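Colleague:
There are 2 protein chains.
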Amino acid sequence: MTLLNETHDPLLRCWLPSAHAQGADFPIQNLPFAVFRRKGRTEPWRGGVAIGDQIIDLAALARAGVFSGQAAVAVQAGAGDKLNALMALGHGVWNALRLALSRALREGAPEQAALQACLVPQAEAEYDVPARIGDYTDFYTSLHHATNIGRLFRPDNPLMPNYKWVPIGYHGRASSIGVSGQAFPRPKGQTLPPGAHTPSVVPSKRLDIELELGIFVGEGNAQGDAVPITEAEQHVFGICLLNDWSARDIQAWEYQPLGPFLSKNFATTISPWIVTLEALAPYRVAFTRPEGDPEPLPYLDSPANRAGGAFDIQLQVGLRTPRMAAAGQGDASICRTSYRHAYWTVAQMLTHHTVNGCNLQPGDLLGSGTLSGPTLDQAGALIELTTGGKNPLQLPGGEQRVFLEDGDSVVLRGWCEKPGAARIGFGECWGTVLPAR
Amino acid sequence: MTLLNETHDPLLRCWLPSAHAQGADFPIQNLPFAVFRRKGRTEPWRGGVAIGDQIIDLAALARAGVFSGQAAVAVQAGAGDKLNALMALGHGVWNALRLALSRALREGAPEQAALQACLVPQAEAEYDVPARIGDYTDFYTSLHHATNIGRLFRPDNPLMPNYKWVPIGYHGRASSIGVSGQAFPRPKGQTLPPGAHTPSVVPSKRLDIELELGIFVGEGNAQGDAVPITEAEQHVFGICLLNDWSARDIQAWEYQPLGPFLSKNFATTISPWIVTLEALAPYRVAFTRPEGDPEPLPYLDSPANRAGGAFDIQLQVGLRTPRMAAAGQGDASICRTSYRHAYWTVAQMLTHHTVNGCNLQPGDLLGSGTLSGPTLDQAGALIELTTGGKNPLQLPGGEQRVFLEDGDSVVLRGWCEKPGAARIGFGECWGTVLPAR
Numbered sequence: 001m002t003l004l005n006e007t008h009d010p011l012l013r014c015w016l017p018s019a020h021a022q023g024a025d026f027p028i029q030n031l032p033f034a035v036f037r038r039k040g041r042t043e044p045w046r047g048g049v050a051i052g053d054q055i056i057d058l059a060a061l062a063r064a065g066v067f068s069g070q071a072a073v074a075v076q077a078g079a080g081d082k083l084n085a086l087m088a089l090g091h092g093v094w095n096a097l098r099l100a101l102s103r104a105l106r107e108g109a110p111e112q113a114a115l116q117a118c119l120v121p122q123a124e125a126e127y128d129v130p131a132r133i134g135d136y137t138d139f140y141t142s143l144h145h146a147t148n149i150g151r152l153f154r155p156d157n158p159l160m161p162n163y164k165w166v167p168i169g170y171h172g173r174a175s176s177i178g179v180s181g182q183a184f185p186r187p188k189g190q191t192l193p194p195g196a197h198t199p200s201v202v203p204s205k206r207l208d209i210e211l212e213l214g215i216f217v218g219e220g221n222a223q224g225d226a227v228p229i230t231e232a233e234q235h236v237f238g239i240c241l242l243n244d245w246s247a248r249d250i251q252a253w254e255y256q257p258l259g260p261f262l263s264k265n266f267a268t269t270i271s272p273w274i275v276t277l278e279a280l281a282p283y284r285v286a287f288t289r290p291e292g293d294p295e296p297l298p299y300l301d302s303p304a305n306r307a308g309g310a311f312d313i314q315l316q317v318g319l320r321t322p323r324m325a326a327a328g329q330g331d332a333s334i335c336r337t338s339y340r341h342a343y344w345t346v347a348q349m350l351t352h353h354t355v356n357g358c359n360l361q362p363g364d365l366l367g368s369g370t371l372s373g374p375t376l377d378q379a380g381a382l383i384e385l386t387t388g389g390k391n392p393l394q395l396p397g398g399e400q401r402v403f404l405e406d407g408d409s410v411v412l413r414g415w416c417e418k419p420g421a422a423r424i425g426f427g428e429c430w431g432t433v434l435p436a437r
Numbered sequence: 001m002t003l004l005n006e007t008h009d010p011l012l013r014c015w016l017p018s019a020h021a022q023g024a025d026f027p028i029q030n031l032p033f034a035v036f037r038r039k040g041r042t043e044p045w046r047g048g049v050a051i052g053d054q055i056i057d058l059a060a061l062a063r064a065g066v067f068s069g070q071a072a073v074a075v076q077a078g079a080g081d082k083l084n085a086l087m088a089l090g091h092g093v094w095n096a097l098r099l100a101l102s103r104a105l106r107e108g109a110p111e112q113a114a115l116q117a118c119l120v121p122q123a124e125a126e127y128d129v130p131a132r133i134g135d136y137t138d139f140y141t142s143l144h145h146a147t148n149i150g151r152l153f154r155p156d157n158p159l160m161p162n163y164k165w166v167p168i169g170y171h172g173r174a175s176s177i178g179v180s181g182q183a184f185p186r187p188k189g190q191t192l193p194p195g196a197h198t199p200s201v202v203p204s205k206r207l208d209i210e211l212e213l214g215i216f217v218g219e220g221n222a223q224g225d226a227v228p229i230t231e232a233e234q235h236v237f238g239i240c241l242l243n244d245w246s247a248r249d250i251q252a253w254e255y256q257p258l259g260p261f262l263s264k265n266f267a268t269t270i271s272p273w274i275v276t277l278e279a280l281a282p283y284r285v286a287f288t289r290p291e292g293d294p295e296p297l298p299y300l301d302s303p304a305n306r307a308g309g310a311f312d313i314q315l316q317v318g319l320r321t322p323r324m325a326a327a328g329q330g331d332a333s334i335c336r337t338s339y340r341h342a343y344w345t346v347a348q349m350l351t352h353h354t355v356n357g358c359n360l361q362p363g364d365l366l367g368s369g370t371l372s373g374p375t376l377d378q379a380g381a382l383i384e385l386t387t388g389g390k391n392p393l394q395l396p397g398g399e400q401r402v403f404l405e406d407g408d409s410v411v412l413r414g415w416c417e418k419p420g421a422a423r424i425g426f427g428e429c430w431g432t433v434l435p436a437r
């Protein structure tokens with residue numbers, strides 16, 4: 001568990017004014033990572049670090065040779081077209097880079113001119129999936145989501161008896177993960193409409209979102225070696241936003257007995273920026289269980305996990321219909337919640353994943369599962385927000401939505417904010433539904 | 001669907017005598033691919049093609065410049081440390097290489113001396129996983145297995161209503177796939193023993209095998225584009241043996257509602273050799289359904305799939321206990337079956353996987369699911385062979401087995417054989433259970 005250090009000081013000032021703009025996601029205390037290039041150019045993808053409205057180009061920084069020691073090793077590893085090499089270096093090296101960047105970005109830093117020469121405006125950039133994701137695992141860490149969705153899929157048996165013991169997870173599809181801006185055709189698939197005796201293949205009529213966070217693995221573990229919970233967070237590079245698009249009608253027909261498959265694997269969208277655990281340190285909160293619930297088994301329990309294994313990350317989902325877009329309107333908020341409501345922590349997910357010796361690798365991605373909070377307006381999926389499609393959402397301008405329609409765009413946002421700490425933002429994660437092919 | 005051509009002629013003779021040994025897996029009509037290097041040397045992994053007891057070193061062949069045109073392109077792509085580049089070239093290029101190799105290996109071929117200089121004895125080789133497996137998907141294509149296992153996990157509801165309509169599949173773990181010879185510690189995990197109210201973390205007491213075939217994807221498809229069944233096999237590079245090790249006690253406790261996870265992802269073992277669909281062409285058989293079962297939906301049906309979408313691949317599982325190994329004995333056969341009993345074909349799996357627009361990539365692996373045949377001795381898992389652990393297997397020397405014990409090795413074998421065609425073998429796929437850590 002990271003303790004606060006000089007990089008978290010809320011009074012730090014960057015020589016770049018946009019880093020201090022009201023509500024800025026990327027102040028000097030954040031320093032998240034992405035893979036980017038300038039739009040419309042044939043230049044290579046490379047790693048970058050966000051500061052204000054700019055990106056520090058790690059390839060340029062490597063060529064400039066501004067840093068030395070571990071920070072220089074980290075910059076070199078982040079200069080390639082995927083961040084796996086940087087992720088593999090481990091938390092000591094990431095933190096060395098964070099400290100070096102923090103110092104070089106402060107007002108009066110002698111490195112200012114050298115770093116300014118490495119800046120690319122975010123407005124000119126496009127992004128790629130930041131790592132080669134070897135394996136993607138999706139968890140199910142919201143008790144509220146599990147209960148809400150269980151009630152709809154299995155009215156007589158909403159919450160499985162294993163839920164409060166096992167951080168339930170399953171493997172997802174890595175190939176179809178895209179970065180913010182991803183647009184995909186509405187998936188087709190087998191569904192069994194109510195009352196029908198024979199399934200048919202149709203475009204999904206119940207296309208949904210799932211508000212999640214994505215956790216990127218840093219250093220891996222050898223096959224056969226479990227990662228104890230006291231070391232789990234050292235294997236985490238950082239966190240991004242993740243939309244686990246879901247076709248509920250396909251899911252209902254296919255998911256037994258081996259779990260969701262085609263209802264999920266057509267597309268998953270993540271935000272370009274990965275916020276490090278180190279940056280999130282001021283927003284740790286205690287991990288608690290509702291009274292009367294069982295304590296986690298010993299391998300999923302530690303003093304640090306209890307004291308600060310959870311993170312208070314504010315989350316919001318916005319929906320923009322084609323009519324709203326045509327009218328030049330922004331998105332309408334349909335959900336507000338926080339990651340603090342999760343039933344299992346990042347450390348518990350990672351440790352559980354390896355208890356059997358399963359090997360994690362740098363760049364692997366863990367999804368948190370839909371992060372629905374305790375009340376209905378905190379639900380992170382339309383199937384919950386509309387109670388299984390029965391109560392349409394009312395949107396500005398008189399529009400309604402039950403599930404997603406063609407042309408709809410969804411945006412996820414995440415940020416941490418509290419008095420006495422700098423705001424730490426995740427940026428945005430956009431995705432758009434195209435008509436079925 | 002591949003038609004027979006000159007490479008399938010059973011009368012072809014290779015200038016290498018071991019290619020014609022009685023029961024040889026790798027005659028001139030087979031020509032499977034692997035990634036190998038000489039044992040105990042620090043030399044690079046590279047692609048190879050089996051012939052008799054030798055390997056044609058594709059890196060050496062590329063340097064020798066023996067072939068031209070598409071065959072030369074294929075050799076060059078196969079010279080690297082993974083076969084993904086070769087897989088991406090497509091079936092036209094693979095078949096050009098097959099034809100060129102077939103001709104150069106025939107008695108009297110002018111290329112004999114050049115090819116002989118590229119041979120490495122299999123006895124001196126070790127193997128690696130042949131592709132960078134971006135995503136691994138496991139199917140469930142044996143009706144007999146689904147019924148047997150369903151009866152044990154859900155006595156009142158053995159076969160789900162979707163089974164005869166949906167080629168059920170789910171995502172598996174790519175990182176823990178190893179090649180024949182893989183040894184792994186017995187997995188630990190949460191289990192809920194009979195009668196217990198609280199789960200505990202223990203080494204699995206019900207460690208099992210699953211006899212499967214692995215299907216390597218060749219050319220991929222773009223995200224959003226479904227692959228019609230008439231084109232599905234063009235996207236298949238070839239087939240290997242696959243052992244989907246399974247911890248049944250962990251599985252029973254964790255698998256609802258999102259499917260198996262830690263019960264499977266600690267290890268999966270594949271054979272080094274990938275046999276191409278082209279080599280298997282003489283062993284195509286009609287795809288049929290039991291009388292009264294529904295016809296596949298139109299997207300899973302084609303004349304070619306009906307006429308010859310299935311393959312008659314003979315399969316066998318052997319078990320060798322530490323006592324048998326110490327006594328210098330070979331393995332004892334515990335299962336004999338054929339892939340012809342599968343309820344869904346390779347083409348149906350691949351087409352179903354993409355019906356929603358999911359993108360497959362070169363090197364992706366599809367598991368067939370446990371290939372249990374219609375009778376008990378044809379079951380591909382111990383949980384079936386022992387009726388849920390109630391009827392131990394009797395082994396030579398008076399030993400018994402219910403589930404796997406520490407030190408047990410399991411071998412899968414596969415081959416095709418019939419009058420009027422050359423034998424096409426898959427080699428062996430070995431794996432060993434080590435004590436829990």
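Those protein sequences? They're chains D and E, same order as listed. Counting with full-length UniProt numbering, you get residues 1 to 437 for the letters of the first sequence. Counting with full-length UniProt numbering, you get residues 1 to 437 for the letters of the second sequence. Note that beta-carbon positions come from the ideal geometry of N, C-alpha and C, so glycine has one too. This one's a predicted model, so the numbers in the text were calculated from it and none came from an experiment.
1) Considering only residues of the same chain and omitting the five flanking positions on each side of residue 483 (chain E), which have a CB-CB separation below 7 Å?
2) I want to see whether chain D comes within less than 8 Å of residue 188 (chain E), judged by CB atoms only; does it?
3) With burial defined as no fewer than 16 other Cβ atoms inside 10 Å of the residue's Cβ, what is the status of residue 276 (chain D): buried or exposed?
4) Residues of the segment 153-168 of chain E in Cβ contact with chain D at a cutoff of 7 Å, in chain order, please.
5) Under 8 Å between the Cβ atoms of residue 13 (chain E) and residue 107 (chain E)?
6) Would residue 428 (chain E) pass as an interface residue toward chain D - the criterion being a Cβ-Cβ separation below 8 Å?
7) Answer yes or no: do residue 317 (chain E) and residue 209 (chain E) have a C-beta to C-beta separation smaller than 8 Å?
8) Under 8 Å, do residue 307 (chain E) and residue 286 (chain E) count as touching if we go by C-beta distance?
9) Provide the residue span of the alpha helix (DSSP H) that contains residue 92 (chain D), from first to last.
10) Does the distance from the CB of residue 121 (chain E) to the CB of residue 54 (chain E) come in under 8 Å?
11) Which residue spans inside the segment 3-44 of chain D form an unbroken alpha helix (DSSP H) run of at least 4?
12) Check whether the Cβ atoms of residue 353 (chain D) and residue 141 (chain D) lie closer than 8 Å to each other.
13) Checking contacts by CB at 8 Å: is residue 253 (chain E) closer than that to chain D?
14) Of all Cβ atoms in chain D, is any one closer than 8 Å to the Cβ of residue 174 (chain E)?
15) Exposed or buried, which one is residue 5 (chain D) when buried takes at least 16 other CB atoms within 10 Å?
16) Under DSSP, the alpha helix (DSSP H) around residue 383 (chain D) begins and ends at which residues?
17) Tell me whether residue 55 (chain D) sits in a helix, a strand or coil according to DSSP, three-state version.
18) Answer with yes or no whether the minimum CB distance from residue 411 (chain E) to chain D is below 8 Å.
19) Could you tell me which residues DSSP pairs with residue 519 (chain E) in its beta bridges?
20) DSSP three-state call for residue 401 (chain E): helix, strand or coil?
21) Against chain E, which members of the segment 353-364 of chain D pass a CB distance test of less than 8 Å?
22) Going by the beta-carbon positions, is the gap between residue 410 (chain E) and residue 300 (chain E) smaller than 8 Å?
23) Three Cβ pairs or more, each shorter than 8 Å: is that satisfied between the segment 225-243 of chain E and the segment 175-183 of chain D?
24) If you check the beta carbons only, do residue 313 (chain E) and residue 240 (chain E) fall under 8 Å apart?
25) By the DSSP assignment, the beta strand (DSSP E) with residue 225 (chain E) in it spans what residues?
26) From residue 163 (chain E) to residue 143 (chain E), what does the alpha carbon distance come to, in whole angstroms?
27) For residue 421 (chain D), which option in D:19, D:29, D:24 and D:22 has the closest C-alpha, if you only look at C-alpha atoms?
28) Return yes when the C-beta of residue 382 (chain E) is under 7 Å from any heavy atom of the ligand ATP, and no when it is not.
29) Taking DSSP as the reference, what is the three-state secondary structure of residue 239 (chain D)?
30) Can the beta-carbon of residue 359 (chain E) be found closer than 8 Å to that of residue 263 (chain D)?
31) With burial defined as no fewer than 16 other Cβ atoms inside 10 Å of the residue's Cβ, what is the status of residue 351 (chain E): buried or exposed?
32) Can you tell me where the beta strand (DSSP E) with residue 426 (chain E) in it begins and where it stops?
33) Chain E partners of residue 140 (chain D), CB-CB under 8 Å?
34) Taking the alpha-carbon positions, what's the residue 247 (chain D) to residue 365 (chain E) distance?
35) Taking a cut of 9 Å between CB atoms, which residues from the segment 222-256 of chain E lie near chain D?
36) Do the CB positions of residue 219 (chain D) and residue 235 (chain D) come within less than 8 Å of each other?
Modeller: Quick answer:
1) Limits of chain E in this structure are 1 at one end and 437 at the other, which puts residue 483 (chain E) out of reach.
2) yes
3) buried
4) 160, 162, 165, 166 and 168
5) yes
6) no
7) yes
8) yes
9) 91-105
10) yes
11) none
12) no
13) yes
14) yes
15) exposed
16) 382-385
17) strand
18) no
19) Lying before the first or after the last residue shown, residue 519 (chain E) is absent from chain E, which here runs from 1 to 437.
20) strand
21) 353, 355, 356, 357, 358, 359, 360, 361 and 364
22) no
23) no
24) no
25) That residue, residue 225 (chain E), is in no beta strand (DSSP E); it is neither H nor E in DSSP.
26) 8 Å
27) D:29
28) Ligands are entirely absent from the displayed structure, and the ligand ATP is therefore not among its contents.
29) strand
30) no
31) buried
32) 424-434
33) 258
34) 24 Å
35) 223, 224, 225, 226, 247, 250, 253, 254, 255 and 256
36) yes
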